[in-house]
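In the working numbering, the protein residues as written are 4 to 112. The next block holds one structure in the form of structure tokens; read it before the comments.
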Ligand code: FES
């Protein structure tokens, strides 16, 4: 396992997020109050692109059916809503992040 540079810190302002592709992975990097977190970018429900959703503090909302994930833990905050049905989904994958200077790095296997 090693850390790989994936973005420049200056590319992701506080409260914003960005998706990156690395090998076969799509990863969402979010800046929550000046600290970076990384989770899988594809929603665990049906693969919605979380980078196209809304980030409020530490919670990202999937643009497809509204599932909410805590980007600091990957945990589901609330499941998808499809019409009157409240569905369930799995927690997201999280990645370890470190910052060196202006470089955001993610630990990959
Ligand atoms: S694909 Fe994300 S909530 Fe359904």
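We treat Cβ as the ideally placed atom computed from N, Cα and C, and that holds for glycine.
Exercise. Excluding the 5 residues preceding and the 5 following residue 88 in the sequence, name in chain order all residues of the same chain whose CB lies nearer than 6 Å to its CB.
Key: Within the same chain, residue 88 has no close Cβ partners at all.
Quiz item: If you draw a straight line from the C-alpha of residue 11 to the C-alpha of residue 106, how long is it?
Solution: Residue 106 has its alpha-carbon roughly 5 Å from the corresponding atom of residue 11.
Quiz item: Mapping DSSP to helix, strand and coil, what is residue 112?
Solution: coil
Exercise. Using beta-carbon positions only, say whether residue 22 and residue 30 come within less than 8 Å of one another.
Key: yes
Quiz item: Is residue 67 near the ligand FES, in the sense that its beta carbon is under 7 Å from a heavy atom of that ligand?
Solution: yes
Quiz item: Helix, strand or coil for residue 90 per DSSP?
Solution: coil
Quiz item: Rounded to a whole number of angstroms, what is the C-alpha to C-alpha distance between residue 86 and residue 73?
Solution: 23 Å
Quiz prompt | Per-residue burial, residue 44 [other beta carbons within 10 Å of its own, 16 or more giving buried] | solution = Burial call: buried.
Self-check item: Neighbour-count burial assignment, residue 90, 16 or more Cβ in a 10 Å radius
Solution: exposed
Quiz prompt | Neighbour-count burial assignment, residue 104, 16 or more Cβ in a 10 Å radius | solution = exposed
Quiz item: Whole-angstrom Cβ separation of residue 82 and residue 92, contact assumed at under 8 Å?
Solution: That pair is a contact at about 6 Å.
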